[in-house]
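Residue numbers (our numbering): 7 to 121. The beta carbon of each residue, even a glycine, is placed where N, CA and C say it ideally should be. Worksheet: one structure, shown below.
Below, the structure is given as structure tokens:
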């Protein structure tokens, strides 16, 4: 009975976290508040895709966007409480990856993408 209640929630969470680039964006925001241009420079992702992912994360209540009415307008992104609650999960995935994902596996996967 409990599995029926948890399964759709777990599936939604895994779907969200496994969306391409979401993990890297969250990892970046764990370092602190970032401007869009900083994230765009630090991540290997197009501005349009980064914008789409940030909007999705904001809609989910994971990322907060703060607009400063300066000229030019400054927009900063940070993790909400809900987003910061993901920190131990992300740190554990990083720890697992450090122990179990080899450099060769990453290189082979990147080579496959180029083909």
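Local Cβ density within 10 Å of residue i, reported as buried at 16 or more and exposed below that
{"i": "residue 89", "result": "buried"}
{"i": "residue 7", "result": "Because residue 7 sits at a pLDDT of 48, beneath the cut-off of 50, its placement in the model cannot be relied upon, and the point is left open."}
{"i": "residue 81", "result": "exposed"}
{"i": "residue 102", "result": "exposed"}
{"i": "residue 59", "result": "buried"}
Cβ-Cβ separation, residue j to residue i (assumed contact under 8 Å), whole Å
{"i": "residue 68", "j": "residue 85", "result": "7 Å"}
{"i": "residue 46", "j": "residue 53", "result": "5 Å"}
Nearest residue (CA-CA) to residue i, options the options
{"i": "residue 44", "options": "83, 94 and 108", "result": "83"}
{"i": "residue 42", "options": "102, 92, 66 and 56", "result": "56"}
{"i": "residue 72", "options": "30, 40, 16 and 115", "result": "40"}
{"i": "residue 91", "options": "32, 26, 27 and 21", "result": "32"}
{"i": "residue 62", "options": "116, 99, 26 and 113", "result": "26"}
{"i": "residue 34", "options": "18, 76 and 97", "result": "97"}
Endpoints, the alpha helix (DSSP H) within which residue i is located
{"i": "residue 64", "result": "53-65"}
{"i": "residue 30", "result": "28-35"}
{"i": "residue 107", "result": "No alpha helix (DSSP H) holds residue 107; DSSP gives it neither H nor E."}
{"i": "residue 46", "result": "42-48"}
{"i": "residue 89", "result": "87-90"}
Delimiting residues of the beta strand (DSSP E) encompassing residue i
{"i": "residue 70", "result": "69-74"}
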